[in-house]
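Oh and the sequence shown: position 245 is 245 in my numbering, straight run, nothing missing. We put the beta carbon where it would ideally sit given N, CA and C, even for glycine.
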Amino acid sequence: MRIRFWGTRGSIPVALTSADIRDKLAQALVQASGRTFDSYEEAHAYATSELDFSLTHTFGGHTPCVELDLDSDEYFVCDMGSGARPFGVHVLAKQARRPATVNVFQSHVHWDHIMGFPFFGPAYVPGTKIRIHGCHDVLEQAYRLQQAAPCFPVDFAQLAATIEFVKLEPDKPHDVSGLTVIPHLQLHSGDSYGYRFQHNGKSVIYSTDSEHKLEDRAEAEGFANFFRNADVVIFDAMYALAEAISVKADWGHSSNIVGVELCQMARARHLVLFHHEPANDDMTLDSLLKEARRFEELTRSDHPLKVSASYDGLEIEL
Ligand SMILES: [Zn+2]
Ligand SMILES: [Zn+2]
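Next comes the structure, spelled out in structure tokens:
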């Protein structure tokens, strides 16, 4: 299985500004000072292997959209945030005019998690099948509403694809075209659901827009069981711990440190910080990642946990 991150930012898409790009460029020039490059390829190889990560990358621009590639004829994707637009471009290129079958798993219907669907190219291709899975009764209503006049020029009913809404029951395993899926209720305004995916002996958790009250042991143990021995946990780490327990308590999101604690309890292998706060720049996100890695080192027992921060374009092979 391969995980592809098409959108990793929370709440609203963000883009680097011209000032951000100039700043990265100036820092890169300082770091490369004294070196010469004979070709674009040589410079590219230097940038890839030697420049700091923060100078050659940016964390999430698009809102949530994460693909699970099972090397099958069908597509599997969590949420349709604005990352659904480049994901759609990828699907169309790969299909080369053959209609696709796309399975969507919807965490919840807040706008940042559905806003990419009107720009999802395959929805406009006749013969395409799109099945949108979720636990909310309002799933279909939300999808139709965001494309209703006067807010969008193409009504949902005009889309060429065959679109089906499939209601899933929480805490039960479901088989979706060979992928085992278990949804789990999470604490968030209007409820959200995390998903545990299992395929060929590998397990991936997609748990976004979820607040945790670790002082409630039953709640913490419930999530530790849901995350149990997972290979990868994609986790809502919108805030730093201090924010999450003070000013932003009850805002429905979690932190980098809570992610480490839950993954340690669950003996998961790899924590991926996700749903980045739109106000945080790359430097701040990098420091949140370093803080989480440091906390993991200090609290590590016999089970090391790898910690990464997601960015648009990240791929993880399992
Ligand atoms: Zn969100
Ligand atoms: Zn939300």
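Please tell me whether, using a cut-off of 6 Å, the distance from the CB of HIS136 to the nearest non-hydrogen atom of ligand 2 is below it.
no
Mapping the DSSP letters down to three states, classify PRO118 as helix, strand or coil.
helix
For ligand 2, I want to know if HIS184 counts as a neighbour, meaning its beta carbon is within less than 6 Å of at least one of the ligand's heavy atoms.
no
Run the CB neighbour count on PRO13, radius 10 Å, all protein chains shown included, and call it buried at 16 or more, exposed below.
buried
Endpoints, beta strand (DSSP E) assigned at GLY134
129-134
Assuming PHE197 contacts THR208 under a Cβ cut-off of 8 Å, what Cβ separation, rounded to an integer in Å, is found between them?
Not a contact, Cβ separation roughly 14 Å.
So, are the CB atoms of THR56 and ARG9 less than 7 Å apart?
no
Just to confirm before moving on: does the CB-CB distance between MET115 and SER82 stay below 7 Å?
yes
What does the shell around ligand 2 hold, if a residue joins when its beta-carbon is under 7 Å from any heavy atom?
HIS108, HIS110, ASP112, HIS113, HIS188, SER189, SER192, ASP209, GLY252
Decide if the stretch 18-35 is in contact with the stretch 216-225; the criterion is three or more beta carbon pairs, one per stretch, under 8 Å apart.
no
LEU370 lies in the beta strand (DSSP E); which residues open and close that run?
Absent from the model: residue 370. The displayed extent of the chain is 1 to 318, so no value can be given.
Check whether SER310 and VAL272 have beta carbons under 7 Å apart:
yes
Flag this pair as touching only if the stretch 34-52 and the stretch 138-149 have three or more C-beta atom pairs under 8 Å; answer yes or no.
no
Answer with buried or exposed for LEU29, where buried requires no fewer than 16 other C-beta atoms within 10 angstroms of its C-beta.
exposed
Please report the straight-line C-alpha distance between HIS362 and SER192, rounded to a whole angstrom.
An answer regarding residue 362 cannot be provided, because it is not within the stretch 1 to 318 covered by the chain.
Pull up the DSSP beta-bridge partners for SER308, would you.
VAL272
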